[in-house]
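What follows is a set of notes on a single structure, which appears directly below.
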Amino acid sequence: MAETTTAVAPAPPTMPMPFAPVKRDYPISLRENLMLALSHKKPVWMPNITASSQLFGSKLAHDSPPAHERQMDTMDWFGVEYKYSAMQGSNTPQGNVMTCVTEWREKVKWPDLDQFDWAAEAEEFMLQRDDSLALQMRMSNGLFERLHMIEGFDAALTDLLLEPEAVQDYLFAIADFKIDLFNHMRDHLEFDFIVAADDWGTMRAPFFSTDTFEKTILEPTKRFVKGVHDRGTRFIAHCCGVIEPFVPYMVEEIGFDGLEIQTNLNDIDAIFAKYGDRVTIQCGPNADLLRKPDVTADDARVAAREMIDKYGAHAVPGSGALAMIFNPVEDIYYAIEDEIYEYSKKRYEGL
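Each residue of the sequence shown is one higher than the last, beginning at 923 in my numbering.
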């Protein structure tokens, strides 16, 4: 008699970690601790967002190229072509769909999201769901990014100035599409939070003024975030570059729950001091120190303690920072991970 085997679904991807997660007896689950922070409450220890989350990556969504297509020429749902470059190791959108935002009603083709089996994809994912971790999803190609991807960067920056009403109308349509896409997946998966990307700055300055931002991007972004919040899901904004002039909008009007921003380009101290009770920020230990070839595990522990003393829940209003740990050296990584947990747990006692 032939032996029978039971098919096991492949493990869903988690946020990339260079090394295995640490096994320890936590006072509460990793998910509970992280969600305290994203709810602007004091966590029991500084959450390591990478180790505390499980990532859902849809194979159906093609708003941007999925991971397996990023090393090739491809096309997204909207007809945007992506050209692969071996030198940069990824593909780049070509802005080939239209030449001016005023053409969007005629030239933008919207996918029919009802045609995809979102329920089956969710069911496969849930076979390996780890309930001790927060469930997250990353949504790429934010509203401004979807503008310059579909018509090119020069045209997008020009249209922001010359066609602000048309830009805003288009971005409202994109926001509604984003909410619809999110809801198609949220109907089957209880996401704790999403991380959505929309870069608004360079290393030197924002791409546009606050006045331009108010006329074009602000209101559609508020709609997008409200749509996510309406389903009980928290919203972390990934936003590269110098974006500090937009932080008051990000917190006071848009209502992001967390910020994934470049801490070396923006005044994190000032943001925590003014808005720490309403938003948290992802931070890591001293990157310059940790990049040194002769850095030791003791050095790494010192760097972790310095970060906690500066941005921990005992030192700033609100929940303190979310720890982001990336290090390619095994003993350095585990030294940082251990120190963040043990040291912050002691500092947070009684909060």
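Beta carbons: idealized from backbone N, C-alpha and C, even for Gly.
Since the model is a prediction, treat every value here as computed from it, not as a measurement.
Could you pull the DSSP bridge partners for residue 1171 from this structure?
By one-based count along the sequence shown, residue 1171 stands at place 249. DSSP links residue 1171 through a beta bridge to no other residue.
Whole-Å CB distance - residue 1017 paired with residue 1074, under 8 Å assumed:
Sequence index remark: in the sequence shown, residue 1017 carries index 95 (1-based). Sequence index remark: in the sequence shown, residue 1074 carries index 152 (1-based). Sure, about 3 Å apart at Cβ, within 8 Å.
How would you write the range of the alpha helix (DSSP H) that residue 1048 sits in, first residue to last?
Here residue 1048 refers to the residue found at position 126 when the sequence shown is read from its first residue. Per DSSP, residue 1048 belongs to the alpha helix (DSSP H) from 1040 to 1048.
Rounded to the nearest angstrom, how far is the Cβ of residue 1267 from that of residue 966, given a contact under 8 Å?
Here residue 1267 refers to the residue found at position 345 when the sequence shown is read from its first residue. Here residue 966 refers to the residue found at position 44 when the sequence shown is read from its first residue. At roughly 6 Å, the Cβ-Cβ gap stays under 8 Å, so residue 1267 and residue 966 are in contact.
Output the residue ranges of the alpha helix (DSSP H) runs that lie fully inside the region 1078 to 1104 and measure 4 residues or longer, sorted by chain position.
The qualifying runs do not exist here; there are none.
Can you tell me the Cβ-Cβ gap for residue 1227 and residue 1265, rounded? I've got them flagged as a contact below 8 Å.
Here residue 1227 corresponds to residue number 305 of the sequence shown, with the count starting at 1. Here residue 1265 corresponds to residue number 343 of the sequence shown, with the count starting at 1. The beta carbons of residue 1227 and residue 1265 sit about 5 Å from each other, so the pair counts as a contact at 8 Å.
Is residue 977 closer than 8 Å to residue 1040 when the C-beta atoms are compared?
By 1-based counting over the sequence shown, the position of residue 1040 is 118. By 1-based counting over the sequence shown, the position of residue 977 is 55. Contact flag unset, no.
Are the region 1248 to 1260 and the region 981 to 1001 in contact at 8 Å, needing three or more beta carbon pairs?
The answer is no - the region 981 to 1001 does not touch the region 1248 to 1260, with fewer than three Cβ pairs under 8 Å.
Residue interval of the beta strand (DSSP E) (run including residue 1290)
The shown model of the chain, from 923 to 1273, leaves out residue 1290, and the question about it has no answer.
Please name the residue or residues paired with residue 1117 in a DSSP beta bridge.
Numbered from 1 along the sequence shown, position 195 holds the residue referred to as residue 1117. Beta-bridge pairing links residue 1117 to 1060, 1158.
Residue 970 in three-state terms, based on DSSP:
On the sequence shown, position 48 is the one that residue 970 refers to. Three-state DSSP puts residue 970 in a strand.
What whole-angstrom Cβ distance do residue 1114 and residue 1223 have, given they're in contact under 8 Å?
The sequence position of residue 1114 within the sequence shown is 192, counting from 1. The sequence position of residue 1223 within the sequence shown is 301, counting from 1. Contact flag wrong, Cβ pair sits at about 30 Å.
Output the distance between the C-alpha atoms of residue 987 and residue 1271, rounded to the nearest integer angstrom.
Numbered from its first residue, the sequence shown carries residue 987 at position 65. Numbered from its first residue, the sequence shown carries residue 1271 at position 349. Each residue's Cα considered, the two are about 44 Å apart.
The alpha helix (DSSP H) spanning residue 1073 covers which residue range?
For the purposes of this step, residue 1073 is identified with residue 151 of the sequence shown, where counting begins at 1. Counted as a single uninterrupted DSSP element, the alpha helix (DSSP H) harbouring residue 1073 occupies residues 1065 to 1073.
Please classify residue 970 as buried or exposed, where buried requires at least 16 neighbouring CB atoms within 10 angstroms.
One-based indexing of the sequence shown puts residue 970 at position 48. Buried, since its Cβ has 16 or more Cβ neighbours within 10 Å.
Sequence-distant residues of the same chain with beta carbon closer than 6 Å to residue 1138, five excluded per side
As a working mapping, residue 1138 is identified with position 216 in the sequence shown. Scanning its chain for C-beta atoms nearer than 6 Å, with the 5 sequence neighbours on each side dropped, one finds around residue 1138 the residues 1082, 1086, 1089, 1090, in chain order.
In the DSSP assignment, find the unbroken alpha helix (DSSP H) run with residue 1177 in it and report its ends.
In the sequence shown, residue 1177 corresponds to position 255, counting from 1. Looking at the DSSP string, residue 1177 is not in any alpha helix (DSSP H), and its letter there is neither H nor E.
Residue 989 bridges to which residues according to DSSP?
Sequence index remark: in the sequence shown, residue 989 carries index 67 (1-based). The secondary-structure analysis by DSSP pairs residue 989 with nothing; it has no beta-bridge partner.
Cβ shell of residue 962 (< 8 Å), same chain only, five flanking positions each side left out:
Position 40 of the sequence shown, counting from 1, holds the residue named residue 962. Excluding sequence neighbours, residue 962 sits near 1179, 1199, 1200, 1201, 1202, 1240, 1241.
Which residue wins for smallest C-alpha separation from residue 955, given the options 968, 945, 943?
The count along the sequence shown starts at 1 and reaches residue 955 at position 33. Of 968, 945, 943, the residue nearest in Cα terms is 968.
Rounded C-alpha distance that separates residue 1273 from residue 1195:
Working through the sequence shown from its first residue, we reach residue 1273 at position 351. Working through the sequence shown from its first residue, we reach residue 1195 at position 273. Those two C-alpha atoms are separated by around 18 Å.
Going straight from the alpha carbon of residue 1007 to that of residue 1151, what length do you get?
Position 85 of the sequence shown, counting from 1, holds the residue named residue 1007. Position 229 of the sequence shown, counting from 1, holds the residue named residue 1151. Distance between the alpha carbons of residue 1007 and residue 1151 is about 37 Å.
Same chain, Cβ closer than 7 Å to residue 1029, neighbours up to 5 away in sequence not counted:
Walking along the sequence shown from the start, residue 1029 turns up at place 107. Counting only residues of its own chain and dropping the five nearest sequence neighbours on each side, residue 1029 has a CB closer than 7 Å to the CB of 1019, 1020.
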